[in-house]
Structure formats: structure tokens, C-alpha cells
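> Structure provided below as C-alpha cells; questions to follow.
Residue numbers (the working numbering), protein chains in the order written: chain A, 66 to 595; chain B, 47 to 628.
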């Protein structure tokens, strides 16, 4: 008869009573903070890599009743995009129903193929990263400080913070019980992800999470390794993982470890606890396990793409497997970093990777040359269109099936697509596309422009855009966190809102008072509805 | 110049590790403690090593790197004839170990332990445990003749723990560890599950997955490593894998803690071919070689590559370029008593590839006879080789090349430009025009006052290297190619004269040979090499506490000690043989 005992029992004997030590706070049974019966919410974040020509995201045509900014404003505020005239109640932002923009592509990047989802979407304009940081792996989701090795200009000397997906992943309020997978972190091209984490260890080092590249790896970890539905007995590895956990617990007490060493050991213990949880609980009987995908051998080094068809297939599989995991409630958090995408701007599909070198045909090379060379600009547009279509839209399609009470998984989710950097390393006036209502917390169906068109600080950087203050990107983070059910006490770290709010100034930026009427800790008006 | 004897004595004065606390009478190679300090007093002063005796560097708890983990699994099961890397074994799972990302530096600097790591460890432990018990012959080979499907007795389990267990933990198991594993086996439903559980437990243990160097003489904040931990330090540094039987035996009998025994093992380890592979990897990561695996297929590159064999089915330019660096390093490190200066100044061509040789304009080396020499006046050392000069497209890139020399070879602090302080378009590449050379375009591009401060330290190096095109071919004029159409726009004369100011003077030079000589004369490249090698050794950046080690390695390189000696030196330092907790 195998000796089987749960992790909690083991903890009590080895980590608690036997050694006379208190339980580790991170491993204490989590107390549910969410209200009973609350519908689970999910957060999915997708990033197109840096170097955006932001004007390509905005409508630049005139449906009935609309005019271009050139007509309405002229001067430095004229950029050829569609002007919005209706002021959002209680705000200076302008907005318009997305349904006004049917009939053709919404913009160069956002194709008309998304029209079926317009009532569940938001296009946001005018999000400003305050620090002028750029290229941070976690910037899109709130780690404005970049990674530890960032250059001074990229980190501004700021301490790193977990990205908000990881705040959610380790939140007791978001996950009222230990999930199978706290988050799924995906990427194409390289394992660099947009998720930075301390794995829920307060004060622990912030690290970039290596991403899944290969669909089979993802499938195996989510569906292949652990308990099958209806598996009648204890998984034989569970007691072993418990025993291994004890080894790490003992190591952690060793007098010859530093505090940093202990953090590393505790982190490993957290992962073991997650594995043990999967072994203990298995998948729900209602879970529909997706078929095992083929092994493509994708990924690193980035040049190794066997074929465009394979690349498209494995990106689809990454999305599909993730959504299957959401629908099985294996996870509620997914991030996807599109380091590599496909462009057909030259008439044939080719893959393009955002490498750090100016290799001909790579995304980075296109970004640097897009201002001067129309062909490279076309590639940037094509790459983004592909990400919107192959990743963003596919998530919407896969999620928009009924979950309960007439609401779809998409209705209970929030899908955020964005980028961390515009052209020439500017980070102002950035776009975001949101989809899904986060269980009724987000009002959808609009194109919302937060640009302060009456601001004195208008700085035209043609041909790709006009720099005019909007709202701080921090407020989008707060919007997302609150839409997912968190309260400020769950995420604030000594300052209002989320993400550093250190102002900076340079000859091509405006002073901090540009945001005088925009509190950092307030959700975006007209977007967050509680 | 330090002679080898004096050098060993100086280093002995540097460490407080091996032998300290023992008899101290093993001083055949310099001894330890007070005796050795006396022996090497003069040299110790020369290298600043007097302070080294009181300092050791911080050694954080680190996981095995991806390469170390793979190699250790391979070597752990190899004596049983179990090839874990075989496709039918665990090749697919081994490929799933997250890549170590040194973010432009050494992969060993990536100390992350993520969920993906933990899951990879879990799956591999599960797979290898399953495979071990699935085949009775394999089970006996791994666990001993007594292993089978029936419940094992204590002696059988102990034999396993004394063999595979010891090698996996890289030390004998403690009584508590033994008792626990016995309990795991004893509470298994049958013998098969008992052995599966034992293999799984060992492969998941922190002792296997981490460099847990916790034993040795000293207090809890600073102590000399015991023999087993020292054996692991040696093997993982030079082999990227676990200690072999001889190292473990030297740890067991105490000889590794004697100076003579330690140096003997160091020499043996260094001469093993696995050390060459590690050194190859060091140069790959240091110089960022091998990043390019395919040539572009654009019209512009096609035009540019005309006259080469690029595109032929057997063409191997990129791999051959990397192999050539390895060959040079091996030649001057393992085959000859070459020096650091030799590596930077040699005109030998060691490529055996006819394709790469064609780019150089030499005959391929046959691998045995006297290597050919580069055409006179064209190349000297690593900086002038194709692997270092490749840009990835048809355009040379003087800024990238200059920055690579300053950053990689000289370890100069190159602040990144703050884009928000630059005018729009400042970071865009200067467009190709038919009336300007690459140099002229970049000179104009970086002439702005906000740019010139940094670029004056970078551009001249790159301008001198304009004598090599984007493929690393030597040239005297530049062919300007339209980046879109591939049309040849012009052929313009080159101006490669510039003053890189590497050695503190403004001498104008105009070729890669003179540039390489300036790098050597600067006195900074030796320090840089020492620094880079330190990082690759210890998996962290250096601190003030590491000054002694860096000084010592630098002194050897500067004084033209052999590369072999320089690379061994770090393992003779106190830092290498002790651990400080902080």
C-alpha cells in the first residue's frame, strides 16, 4: 500500500510542527477572497514587437458624419486620421461607436475581418508610457523598469516590478484556489516573453519568464503529463514530489545559504507545489482535452522556421491549446509575445523576426527604415496585420463560445493587444485594442481617443504621427487589474496605481503637468464600468 | 614576466583554499597558507595578491546551466550504457530545457529558475526513471545486479546510493538522505516502483539540480570547499559536467585538497577534450559568434555575394567561420604555448573549408602540415576574421564593428543613447546613396552634437575595419548596392584611415593589422579577457573582491604567459576554491 499524503499534511509535519517553524506564507492555504459564485475572469495579453508606426492603427477615412483631423484642426494636429467629435461623458476623451466604421478596414493594421467583434472590442488611442522607457520586455504590462540589465535610459534607475499578468497569476483574489497553471506564457521567434515575475514571492527577484514556443511542449505540460479525467488512483509521482519538496525545504534551512539563495530555493518549492497540485487534482471531467499536436521543432535559433505553413500552424496551435486550457479552467492568464510574424508585403509570405541586429528582412530592420522607405513601412503594417489576424482574432474566435448563462468565454475575458514602442523610440500616443467585457467590467464597442487635442504640447513628428499628450498607460493597467476583480490593496506597491510614475523630460517630450487632471490610480473613464 | 614557478607561487599566495587547515606540507607546486605566502611574496606583491588571501568572492546558489544539466545527465547514465540523448530515450525532453539567455553575454549568467525549468526537470526525471525500470538489463546496469522487480533489500539500495546516488549528488549521501530514500523504496508497492522512485528522487533533488556547495572548513559565511565540492567546481568549470570517477576518488581520498593533488587533477582536467569544447563555447559567447545561420536571399545580397560559392549546396561559410575561430583558439591554447597576443595578431589561416578560404584568398589548410598564412598585409588575429566581421547583409556596419571591439574586446563602458534626447530619425540607418561610401554616410549621420561624443570612440575603429566588406572579404574599394533592387550604384574608393585612439595616442592607422596591434598595445584587452573569463567561470559579474583574480589573469596575459596557463590560473585562485555567503 503506497504511503500517500497530501502536500498540506506533509507541510504540517516537515515544515511546521516537526521543525517548530512557521508555515511559509507563500504556501499557506490560500484564503478565497473572491465572492462565492463570481464568474471566473481571464486575461490575455498579446504584444506586437516594437517600432510601431502608430498612425497605421487609427482610422484614416471618413464614414458618414466624420471628417479628418486635418479638416477639424489643421496645423500640427493634422495627421490624416479620422477626427472624433463626440465627447465621452465625464471626460475630455472623444469617442465613437466602432459600428460607425464598418464597410472597410478600420485602419491599415486592423482589417475589416474583425467587424463581427466590434461590439465586443475597444480601440484605444492616446496611451502614454510616462518614463520614455522602451524595449522593456515587460513594459506593455507594467514593468516599465525593464530587466536588470537594461541600459540606464531604458530603466531610469527604476526597480523592476512584476507585470500585471503575474500580479493576477499570484493573486489570491484572482485565483481563489491554486490553478493548474498560474499563467501560460507564449512567444514566437525567441523565448523572450512579455511576462516578468517574482513568482509571488514578495521582494523576490523579478525575472523574465521564458516562453513556450513549441505547441507540443505546451500541450504536454497542460494536458499530457498529469492526471487524466477519471484517473482512479493517486498519481504515483505525487508522493515523490512531496518528498522532493521536503528536500528543498530542508535545504532552505541550511545555515550556509544566503537570503538570496533561500529565495531561489523557495521559488523552486513553489513550482514543485504547483506540480504536486496538478498531480493531486487532475483535469475536470468536463474538460475537453485537445488532440496532441505534432512536434514542429520550432523556435530557437530564430531562423529555424521549417516552412511558413508550419509557422502558421504552430501559432494557431499555441492559441488553440491556450484557449482549451482556459475553457478547462487550467489557467486564466495567457501572454503572447509576437517576436516573429509573417509579412506578405513583397507579394509572398515570409517570416520576419524582431532580432536585435539590423539583419536585412528582420522586423527591427523594417522598423528602423520604415520612416524613409515605403517598402519597409508596408512590411511593418503587414506584420501587425498578421498578428491581429492570426493571434488576436483567433483568440476572439476561440473564446467566443458560450460558457454559461448566454455569456461567452470572451465576454468573461479581457484580451489586450498592444505594443511597447513607437517609431524612433517614442512611447507616446500608443494604441491598444481590447476585446471581451471582463464579465461586464469593461464597456466595449467604441473607438476612444484620449488624446488631449486642446493641449499646448503638440509636437508633430511626421510622417508617422503627432505627439500630443493623452493619458498615462498606468491607467490602462489599473483598468485591467480592477476589471479582473482586484482592488488597489491587491496591487499597489506604495504609490497610487500600478507601474512607476516617474516623470522625465527631454527636448522632445512635454512636462509632467500635461497630465495634471489624470490621476494615475483611476481606471480609464468610459472603459471601466466597475 | 612571471615564470611559471613564480606564477604558481604567486597564486598560492592568492588563495586560502586548498590545503589550508591540512598539514600544509604538500608544497610541491607552491603550497598554501603561510609557507606559500612566503614563497611567493614578491610575486604576490606584484599582482596585488596579498589581499587575495583574505578575500573570496560571493558564490550564490546556482542551478546547473542548460548545458551542464544535459551533460551531467549524459555522464551520469553513461557508465550503465544508457544513452539518455538517444531519440528513443529522452532527446525530445532534453531539447525542452529552457535556453540560457545571457542577454548578449554568457549564458551562465542566466540564473533564472522558472516554471518551465521545474517542469523540464520533472519530465526528465519521470522519463528516465520509467526507462530505467522498463528494461531489466538497463535496471541492473543502472542500479546494480541485485536490482529487479522484487523489493530491494537495504544492501542493494545502499549500493545504488553509493554509486549512482553519489555521482548524482557529487558527494556521498548523508545519513538522513539515505534514510529517506530507503523509506521511499520501502514504502513502494513493488521493486519496480521502488527503483523508479529512487531514480526519480535523485534526479529531482536539489543536490543534483543545483551547485549546492555547502561543505568545507570555515564558518557559515566563508569557507573553503571540501574535496567533493572542489571536484565539482573543477569539472563543471572545465567540462560543463559532473566530476568523473577519478575526481571523485581524489575527493574521497583527500588528495584533491593537497596542492600537488589539486594541480595534478587540474592538469588532467584541462587536458581533457571536454575542456576544449568549453573554451570554444567561451569564445562563441564572448565574441558573439554563430549568431548568423543563414545568408539573406535578397537581390542586394545576391549581387553582393557574386563571385563566392555562397548558395552552393556544400557551402559552409558560416559554420566554417566559427570553426576557424575555434581552430585558432585550440592551436594557441592546446597545441602550442600561444599567447593572447598571438590570438590577436596571428596571420595563420586554419580554415579547412575551401569556401571560407576563398573569401580569404588562401588555400584551405589540410589540418596537418604547416598552416598557410593570410595574404600579406591583410589580416591579424581574431578581429580580422570573417566570423567577427560578418554583418548579416550586404552593408558593412562600422558602428556595430567599432562597438564590438570597444565593448567585447576592450570592455569599455558604452552608454546607450537616450532616444528621447535625440531628434526624430536619429536612430534610423543612413540611406544608401550612390555617391557616398558607408563611412561617409555614417560620418554624416553621427556628426550631430548629441551623437558625436560617443561615436568618436566607436566610429574610427569601424572606419579602419572598412577594409573588409560585410562578408569579411578584404577590399580596397566599396561597391555601393541598392538595398532593394540589388543594382550596383557605384564603386567608390575607400578611406580607411582613422585614429581609434585605443592606446592613448592619436596615431592614424588604416588597416586591421594595425588596429589589432593597437588593441594589444592598449593593455586593456587583457583585462577585458580576464573579466570575461571570470564571468563565464563564476556565472556572475565581478566585484571589488575579485580584483586579485582579475589582476592575476591580466598579468599573465600581459606578460605573455601561455593561454593554457592563463586559463588554468583562475582555478588556482582562492576564489575558485572557497565560497562566501552573502
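Ideal placement from N, C-alpha and C gives every residue a C-beta, glycine not left out.
(1) Considering only their Cβ atoms, is the gap separating residue 510 of chain A from residue 191 of chain A smaller than 8 Å?
(2) Pull the bridge partners of residue 403 of chain A from the DSSP assignment, please.
(3) Using a Cβ-Cβ cut-off of 8 Å, state whether residue 226 of chain B counts as contacting chain A.
(4) Suppose only complete runs of 4+ residues qualify. What are the alpha helix (DSSP H) ranges in the stretch 261-323 of chain B, listed by chain order?
(5) Return the chain-ordered ranges of every alpha helix (DSSP H) run that is complete within the stretch 191-251 of chain B and spans a minimum of 4 residues.
(6) Taking a contact to mean a Cβ-Cβ separation below 8 Å, would you say residue 344 of chain A touches residue 309 of chain A in this structure?
(7) Going by CA-CA distance only, name the one from A/414, A/560, A/505 that's closest to residue 471 of chain A.
(8) Out of curiosity, what's the CA-to-CA distance linking residue 237 of chain B and residue 231 of chain B?
(9) So what does residue 626 of chain B bridge to, in DSSP terms?
(10) With burial defined as no fewer than 16 other Cβ atoms inside 10 Å of the residue's Cβ, what is the status of residue 450 of chain A: buried or exposed?
(11) Within 10 Å of its beta-carbon, does residue 339 of chain B have 16 or more other beta-carbons around it, so buried, or fewer, so exposed?
(12) Fully enclosed by the stretch 454-507 of chain B, which alpha helix (DSSP H) runs are 4 residues long or longer?
(13) Can you tell me the Cα-Cα spacing of residue 263 of chain A and residue 226 of chain A, whole angstroms?
(14) Just the C-alpha distance for residue 433 of chain A and residue 518 of chain A, rounded to the nearest angstrom, thanks.
(15) Does the count of Cβ pairs from the stretch 305-315 of chain B and the stretch 400-409 of chain B closer than 8 Å reach three?
(16) Note down the Cα distance separating residue 534 of chain A from residue 486 of chain A, rounded to an integer number of angstroms.
(17) With DSSP as the reference, label residue 189 of chain A as helix, strand or coil.
(18) Is residue 272 of chain A closer than 8 Å to residue 376 of chain B when the C-beta atoms are compared?
(19) Looking at C-alpha atoms only, which residue of A/452, A/551, A/458, A/195 is the closest neighbour of residue 114 of chain A?
(20) Rounded to a whole number of angstroms, what is the C-alpha to C-alpha distance between residue 463 of chain B and residue 497 of chain B?
(21) Cβ of residue 426 of chain B within 8 Å of Cβ of residue 508 of chain B?
(22) Taking only three categories from DSSP, how would you classify residue 331 of chain A?
(23) Here's the rule I'm using: 16 or more other beta-carbon atoms within 10 Å means buried, otherwise exposed. How should residue 127 of chain A be labelled?
(24) Does the CB of residue 260 of chain B have a neighbour CB from chain A at under 8 Å?
(25) Would you check if the stretch 509-522 of chain B and the stretch 427-434 of chain B touch, i.e. whether three or more CB-CB distances between them fall below 8 Å?
(26) Counting Cβ pairs, one atom from each stretch, are 3 or more of them under 8 Å apart for the stretch 621-628 of chain B and the stretch 253-270 of chain B?
(27) Going by beta carbon distance, what residues of the same chain come within less than 6 Å of residue 480 of chain A, once the five residues before and after it are set aside?
(28) For residue 272 of chain A and chain B, any beta-carbon pair shorter than 8 Å?
(29) Can you confirm whether residue 162 of chain A, when its beta carbon is compared against all beta carbons of chain E, has any partner nearer than 8 Å?
(30) Using beta carbons (cut-off 8 Å, strictly below), is residue 397 of chain A in contact with chain B?
(31) I'd like the ranges of any beta strand (DSSP E) spanning at least 3 consecutive residues and lying wholly in the stretch 120-155 of chain B.
(32) Comparing alpha-carbon positions, which option in A/579, A/131, A/155, A/388 lies nearest residue 145 of chain A?
(33) Can you give the Cα-Cα distance for residue 270 of chain A and residue 369 of chain B, rounded to whole angstroms?
(34) Which residues in chain A have a C-beta closer than 9 Å to the C-beta of residue 352 of chain B? List them in chain order.
(35) Could you confirm whether any beta carbon from chain A is found closer than 8 Å to the beta carbon of residue 49 of chain B?
(36) Taking the alpha carbon of residue 451 of chain B as the point to measure from, which residue in B/571, B/415, B/360 has its own alpha carbon closest?
From the atom records:
(1) no
(2) A/113, A/253
(3) yes
(4) 273-284, 291-298, 305-317
(5) 200-206, 212-215, 221-232, 237-250
(6) no
(7) A/505
(8) 8 Å
(9) B/104, B/268
(10) buried
(11) exposed
(12) 484-491
(13) 8 Å
(14) 28 Å
(15) no
(16) 16 Å
(17) strand
(18) no
(19) A/452
(20) 8 Å
(21) no
(22) helix
(23) exposed
(24) yes
(25) yes
(26) yes
(27) 109, 460, 500, 501
(28) yes
(29) The chain inventory of the structure shown lacks chain E, comprising the protein chains A and B.
(30) no
(31) none
(32) A/131
(33) 38 Å
(34) Ordered by position in chain A, no residue passes the 9 Å Cβ test against residue 352 of chain B, which lies about 16 Å from the chain.
(35) Caution is warranted here: a pLDDT of 32 is assigned to residue 49 of chain B, below 50, making its placement in the model unreliable, and no coordinate value can be reported.
(36) B/571
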